[in-house]
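Chains as they are written, first to last, in the working numbering: chain A, 99 to 429; chain B, 1495 to 1815; chain C, 110 to 495.
The next block holds one structure in the form of structure tokens; read it before the comments.
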């Protein structure tokens, strides 16, 4: 290309406001999506974690393909053996291959995590958006309720609610005169509902704050001046800008939900056989502290730890990718 | 400033009432009938039970009665043994306070130190190390950490002390011992560590971020331009501003602290409120659960109030507007 | 660049009536580079100037021209990643790269700085009084009573009334102008030899601006301090400065006395700045405000040759000298230098450019007029003649 008059090609690249004086070359412009992807991929730990998590999900959900032994296959002669070449994670009390048990147990743990995040994020984002956008008394009501939930000790409330389910398999009751009607729920389902019920306050707050800030921005004013309806404004201007906050928070909620489920199960208010989760395996192995069988304790906890760590890194990577103005941590 | 405090207190009271009412509602829905009525289907026992516990009155009335009693310190009687709930709660409360007290103090101190250090030495090896540790700490499920730590302490005992445990993992004092001594400390280490590891990890990250913001602001530059020495700039100018956001975070995390102490007490068999709570839930002791939740709600709201006050002390912009 | 320190005393600028010829501040070929992801940012690229006793040097330029970076370099307050070279001398002593201890000794005591946004530059959780007091106590042991008295005196000098109350107040309780004056009080607490004012009036209303500038002037009269006044506002410079240094893209464009710069600018950038000032005395109402076309260049890829040439209305054609050679400052008068290849004959060049433009315009108008006439003729030929 021949040399163009230099004054014409001053460009703004990306959202960091980088100015480039280009002499003759064609300007390279990136779309928002490409920029996002570039930034995310630069975050090494997030990438590693993404693979780790994907691998974890694959081996757990695909346990029937991957596990070395069948589920629940007992081998009482080889009970409680420490890890060996045949049983990479040893065997449990009933001689079942621990690795297999862990893989299958992972399904419920991960599922609970994802579902809780999905439910609480959806509900929370909606409530937050409505509160932020409409303002007025709806905002007041939602904000007060959110404040209330932010203050309560979540674990205790969850434990209380779930203890009801655990004790008798019942959750709620109605007195319809001469009988008592009991509303029975499956414990895993109850756990998902309860934990989700105690997780949405954070996302409500974040989304509400984001919507409030966006509402005042010029492009929303411009859209309104051009006659756009509320729904249109929400759909095309507000929601897309909230995606960052929502996604990051959803990711972190997965981690919190997984740990909460494990903790509740450990305290005795969560899953019990035939529903296994990593939390349950730890609960079951809690007596092995100080003994030689402590490996029964390590492995499920290690799985929890790795999963949560990965999710956290991914969330961190997402946060960096969505917010170009933040301080860049180079991992 | 007094007006500010008064306003906050006034705001807290309805909050407390609503919270306790919600709690009462929840407990009454999931407890009374399920635990006892389901098992005793015969109409006479049911009637007697309902009569005794006024279960046929509307919830609001029951709530009112309970609240009036509670404020006077009467939390009713246990279902099992018909003993006053307060007798069980008092000693347990004292045990719990010790753990929580140490926990908060140590957490705050360590987290702030780590946060400031990391921020000042940003991008250094120690910063990366501490950040990595923080990520690990946040990801560690506290109950699992507690078990592992306990396990290692026992293993350690085998090598170091010839079988005698170095750090204890059961209760707060060895049999027959009491008071503030080495034995006490040895009992405290594991539980406090378990309680605080996640909190320290999370707070130190936050403090680091907050300090980084503060240290890059203009008034820090002004202080340096005046010739103030670096340590003084960091502590006098930086930290005073950098602590303010942490106060808010601490207030928000109190609820999590309650959950954490339950776990800690269960893992280390400490006879505190947490274990009492778990036992009560398992045995269907509604009154104990109610007592505990009331104390917890009150504690949290009180803590938030204290945090607000601290906030207004630290930040004159809040105080004087 | 002409080394002003080598000239005989009588040719040097204002305020040297006591015969002292050593400049308070002398900067020689200062370079400040920042390595970034996108490349090396040359924030300051070869800057040299001096400031003499009791003199005010105005440092003028757009955002990103390197003015603030220069002042921070003098005080040693740049981030560690900055690569600084050149020579900076304060009262004859080289201070670039000195130990932190030595610099701290100078800061706030011999060289003081007033920053732009006083609300951000004052610690929000400490009282203003204590912050001013700190400026004193950092460098000397003073007992409490005397300290308080001194702070009251400073508040009085900068014109802040009711010192008893104002001492205890916090920055957010002050008005904008008062805050800026408090910053000045903090800076002059130890009667520094050099006062660096970085955009002291930018965040203020015009009327308040005048007050603040007046304070600076009064202080200078009192203490015979030198002032390095950094601003992008030529109006501010006109009122207060003795000499002016115009910067562009981290490089010096022109330096001279106030009169020389305003009435005989010899650099196209300076001319552009002056032309874009709305002037009520020039009878140009109804005309558009003049704007220098284009935008300031990236400091990573500064244009080759003269940094300003892409935006210059009288630059040489492609491949000309403006593109090939970076102009070094050449002397117009002993105090007036300009970094432009055509500095000596600038007026003529502008006249010629104007003529060319007029000719071009006339030519174009003629062409279109002729075109229209032809079209009208053709149109008429097709009209039905009923």
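Cβ atoms here follow ideal geometry from the backbone N, Cα and C, with glycine treated the same way.
CB-CB length for residue i against residue j, believed under 8 Å
i, j, result
"residue 365 of chain A", "residue 1756 of chain B", "7 Å"
"residue 1459 of chain B", "residue 1698 of chain B", "With chain B covering only 1495 through 1815, there is no way to say anything about residue 1459 of chain B."
"residue 375 of chain A", "residue 150 of chain A", "Contact flag wrong, Cβ pair sits at about 19 Å."
"residue 187 of chain C", "residue 197 of chain C", "Not quite, the Cβ-Cβ distance comes to about 12 Å (not below 8 Å), so this is no contact."
"residue 1640 of chain B", "residue 1684 of chain B", "7 Å"
"residue 347 of chain C", "residue 367 of chain C", "6 Å"
"residue 1758 of chain B", "residue 1688 of chain B", "5 Å"
"residue 358 of chain C", "residue 422 of chain C", "That pair is no contact at about 17 Å."
"residue 1749 of chain B", "residue 251 of chain A", "4 Å"
"residue 182 of chain C", "residue 228 of chain C", "So it is not a contact: roughly 25 Å between Cβ atoms."
"residue 294 of chain C", "residue 245 of chain C", "Contact doesn't hold; Cβ gap of about 11 Å is too wide."
"residue 162 of chain C", "residue 335 of chain C", "6 Å"
"residue 1453 of chain B", "residue 1732 of chain B", "No information on residue 1453 of chain B is available, as it lies outside the stretch 1495 to 1815 that chain B covers here."
As assigned by DSSP and simplified to three states, the class of residue i
i, result
"residue 414 of chain A", "helix"
"residue 1499 of chain B", "helix"
"residue 197 of chain C", "strand"
"residue 447 of chain C", "strand"
"residue 221 of chain C", "strand"
"residue 409 of chain C", "coil"
"residue 1682 of chain B", "helix"
"residue 202 of chain C", "strand"
"residue 362 of chain C", "strand"
"residue 439 of chain C", "strand"
"residue 189 of chain A", "strand"
"residue 468 of chain C", "helix"
"residue 375 of chain C", "coil"
"residue 497 of chain C", "Residue numbering for chain C in the displayed model covers 110 to 495; residue 497 of chain C lies beyond these limits and cannot be assessed."
"residue 210 of chain C", "helix"
"residue 234 of chain A", "helix"
"residue 418 of chain C", "helix"
"residue 141 of chain A", "coil"
"residue 1662 of chain B", "coil"
Residue(s) in a DSSP beta bridge with residue i
i, result
"residue 144 of chain C", "C:149"
"residue 136 of chain C", "C:158, C:197"
"residue 166 of chain C", "C:337, C:352"
"residue 195 of chain A", "A:189"
"residue 216 of chain C", "C:220"
"residue 192 of chain C", "C:142"
Listed by chain order, chain F residues near residue i by CB distance under 8 Å
i, result
"residue 1756 of chain B", "This model lacks chain F altogether, as its protein chains are A, B and C."
### Query
Would you call the stretch 1714-1726 of chain B and the stretch 1617-1629 of chain B in contact, with 3 or more CB pairs under 8 Å?
no
### Message
Using a Cβ distance threshold of 8 Å, determine whether the stretch 244-258 of chain A contacts the stretch 294-309 of chain A, with at least three qualifying pairs required.
### Response
Three or more Cβ pairs closer than 8 Å define a contact, and the stretch 244-258 of chain A meets that threshold against the stretch 294-309 of chain A.
#### Entry: alpha helix (DSSP H) runs contained entirely in the stretch 331-356 of chain C, provided each spans 4 or more residues
343-349
### Whole runs of the beta strand (DSSP E) within the stretch 302-353 of chain A, excluding any shorter than 3 residues
none
### Query
Fully enclosed by the stretch 245-314 of chain C, which beta strand (DSSP E) runs are 3 residues long or longer?
Here the runs fully enclosed are 303-307.
### Query
Counting Cβ pairs, one atom from each stretch, are 3 or more of them under 8 Å apart for the stretch 300-307 of chain C and the stretch 244-259 of chain C?
no
### Message
Closer than 8 Å is the cut-off here; do at least three beta carbon pairs connect the stretch 142-157 of chain C with the stretch 171-182 of chain C?
### Response
yes
### Message
Three Cβ pairs or more, each shorter than 8 Å: is that satisfied between the stretch 183-199 of chain A and the stretch 225-245 of chain A?
### Response
Verdict: no, contact absent.
### Query
Okay, do the stretch 1707-1716 of chain B and the stretch 216-235 of chain C touch, 3+ Cβ pairs below 8 Å being the bar?
yes
### Task
Assess, as a yes-or-no matter, whether the stretch 203-212 of chain A is touched by the stretch 152-167 of chain A under the definition of 3 or more beta carbon pairs within less than 8 Å.
yes
### Stretch pair the stretch 1733-1743 of chain B + the stretch 1777-1794 of chain B: three plus CB contacts closer than 8 Å
Pairwise C-beta distances place the stretch 1733-1743 of chain B out of contact with the stretch 1777-1794 of chain B, as fewer than three of them are shorter than 8 Å.
### Inter-stretch contact (C-beta, 8 Å, three-pair minimum) for the stretch 1608-1622 of chain B and the stretch 1789-1804 of chain B
no
### Message
Does the stretch 338-356 of chain C come into contact with the stretch 257-266 of chain C, if we say contact requires no fewer than three beta-carbon pairs (one atom in each stretch) closer than 8 Å?
### Response
no
### Query
How do the stretch 307-325 of chain A and the stretch 386-399 of chain A stand: do at least 3 beta-carbon pairs fall below 8 Å, yes or no?
no
### Query
If you pair each beta-carbon of the stretch 352-363 of chain A with each one of the stretch 1762-1779 of chain B, do three or more pairs fall below 8 Å?
no
#### Entry: At least three beta-carbon pairs within less than 8 Å, the stretch 1499-1507 of chain B to the stretch 174-188 of chain A
The stretch 1499-1507 of chain B is not in contact with the stretch 174-188 of chain A.
### Entirely enclosed alpha helix (DSSP H) segments - the stretch 1711-1743 of chain B, minimum 4 residues
1712-1720
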